[in-house]
């Protein structure tokens, strides 16, 4: 007999719900269990199965320990595979449409690998991708899953990723020599545009918005040509573009939270599967 105890999918599902909801009571509502039942599940998981502390408790709020963070990654992967097995065997020809809303920058950086993996598992599902600003996407009611940017403290939905905005410019571009400093930013609906301007104004740095576009590719083309500075999530910056900082006379920019919103009116096995792939893709 194996020396290891099995990790029950129901227990892992409860664990993930606690991590995402920040507490046992709210997690119980998600998995349809009482708070005491959730506590008993986690006590058994910590003390009997893994023999590791997974949570740091602060009143009603709980945070994951380092071991809990490790388990969270595995738990999501296990539950994703668990769902795939049932969907593949019970519905091997699952057919339908899933509509995703996302800003252009996330579509370029994260969606290619997400959609590639999803297509291999569910080749008959049609995927519609709608790109727009976070503000505009949150107004739409016709999307199944929506990826948006929110500032810390104003989160809604499921946290996919947290990153800092950074200044970026072409190699050799010196922002101190450019006054007013030319900027290349998304259109006025973008949260990041307001944060960028507020940061410069708070430091008394003169700037002008020289270029605007809804397209990340267009903005990076402008920046690569040495025409302007931009502000983007750090993971989006690459190629011949360098990250600028306080040494370049620029203020630190705030953190941005990438959130996933689910449309409760259109939830289905298809949208649940895609949500799992999105969650895993943004965690990488």
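Residue numbers (UniProt numbering): 1 to 284. Note that beta-carbon positions come from the ideal geometry of N, C-alpha and C, so glycine has one too.
{"Item": "Identify the continuous beta strand (DSSP E) that holds residue 145 and give its terminal residues.", "Value": "145 to 150"}
{"Item": "Please classify residue 257: is it buried, with 16 or more other beta-carbons within 10 angstroms of its beta-carbon, or exposed?", "Value": "buried"}
{"Item": "Helix, strand or coil for residue 250? Go by DSSP, reduced to three states.", "Value": "coil"}
{"Item": "Excluding five sequence neighbours on each side, which residues of the same chain lie with their C-beta closer than 6 Å to the C-beta of residue 1?", "Value": "Note that residue 1 has pLDDT 37, beneath the 50 cutoff, so the model's placement of it is unreliable and no number is given."}
{"Item": "Can you grab the Cα-Cα spacing for the pair residue 6 / residue 167, in whole Å?", "Value": "47 Å"}
{"Item": "So, with DSSP's three-state summary, where would you put residue 197?", "Value": "helix"}
{"Item": "How many Å lie between residue 217 and residue 151 at the Cα?", "Value": "24 Å"}
{"Item": "What is the rounded straight-line gap between the Cα of residue 209 and the Cα of residue 247?", "Value": "22 Å"}
{"Item": "Sort out for me which residues DSSP pairs residue 230 with in a bridge.", "Value": "168"}
{"Item": "Return helix, strand or coil for residue 1, following the three-state DSSP convention.", "Value": "Because residue 1 carries a pLDDT of 37, less than 50, the predicted location of this residue cannot be relied on, and no value is offered for it."}
{"Item": "May I have the straight-line CA-CA distance separating residue 215 from residue 236, to the nearest angstrom?", "Value": "13 Å"}
{"Item": "Assuming residue 38 and residue 13 make a contact with CB atoms under 8 Å, what is their CB distance in whole Å?", "Value": "Not confirmed; about 11 Å, so no contact."}
{"Item": "Does the beta carbon of residue 281 come closer than 7 Å to any beta carbon on chain D?", "Value": "As a matter of chain content, chain D is missing from the structure shown, which is built from one protein chain."}
{"Item": "Counting C-beta neighbours from all protein chains within 10 Å, is the total for residue 112 16 or more, i.e. buried, or is it exposed?", "Value": "exposed"}
{"Item": "According to DSSP, which residues form a beta bridge with residue 55?", "Value": "64"}
{"Item": "Relative to the alpha-carbon of residue 234, which residue among 278, 267, 273 and 163 has its alpha-carbon at the smallest distance?", "Value": "163"}
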